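J.: First the structure, which I've put down as structure tokens, then a few questions once you've had a look.
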Amino acid sequence: MVSPENNVTFRSQTTPMSIRQRLYPNLDNNTILLMHCTDARFVYNLGLEQRNLKAGEVVLAVSSAWRNTLDEVALTSRLWR
Numbered sequence: 000m001v002s003p004e005n006n007v008t009f010r011s012q013t014t015p016m017s018i019r020q021r022l023y024p025n026l027d028n029n030t031i032l033l034m035h036c037t038d039a040r041f042v043y044n045l046g047l048e049q050r051n052l053k054a055g056e057v058v059l060a061v062s063s064a065w066r067n068t069l070d071e072v073a074l075t076s077r078l079w080r
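In terms of numbering that gives the first Met the number 0, the numbers along the sequence shown are unbroken and rise by one, the last being 80.
In structure tokens, the structure reads:
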């Protein structure tokens, strides 16, 4: 719970201040954090793609670009076996 002395009053509304923390991950945590951020970014881009398609805009599909990347990786791994 945020203590009252850490609150900010703006336009007669009291809101808690943000808290900043630093991360010093080790190698295992860094790998997991990188994977999490990559997945979160993909989901965010997919949501933007769907919102733009719903609005009727023509956009480069993130999902198809991701699918093409996966196809290239699969093809490359088959060629090097």
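Quick reminder that beta carbons are idealized off the backbone N, C-alpha and C, glycines included. Bear in mind the structure is a predicted one, so any value in this text is a computation, not a measurement.
1) Specify the secondary structure class of R40 as computed by DSSP and reduced to three states.
2) Hey, would you say L32 sits closer than 9 Å to L22, going by beta carbons?
3) Measure the C-alpha to C-alpha separation of I18 and F41 and round it to an integer number of angstroms.
4) R50 by DSSP, collapsed to three states: which one?
5) Do you know how far the Cα of A39 is from the Cα of N28?
T.: On the basis of the coordinates in this document:
1) For the purposes of this step, residue 40 is taken as residue 41 along the sequence shown, with counting starting at 1. The three-state reading of DSSP puts R40 in helix, counting H, G and I together.
2) Residue mapping note: residue 32 aligns to position 33 of the sequence shown, counting from 1. Residue mapping note: residue 22 aligns to position 23 of the sequence shown, counting from 1. Yes, the Cβ-Cβ distance between L32 and L22 is below 9 Å.
3) Residue mapping note: residue 18 aligns to position 19 of the sequence shown, counting from 1. Residue mapping note: residue 41 aligns to position 42 of the sequence shown, counting from 1. The straight-line gap from Cα to Cα measures roughly 26 Å.
4) Residue numbering aside, residue 50 sits at position 51 when the sequence shown is read from its first letter. If DSSP states are grouped into helix, strand and coil, R50 belongs with the helices.
5) In the sequence shown, residue 28 corresponds to position 29, counting from 1. In the sequence shown, residue 39 corresponds to position 40, counting from 1. Their backbone Cα atoms lie some 16 Å apart in a straight line.
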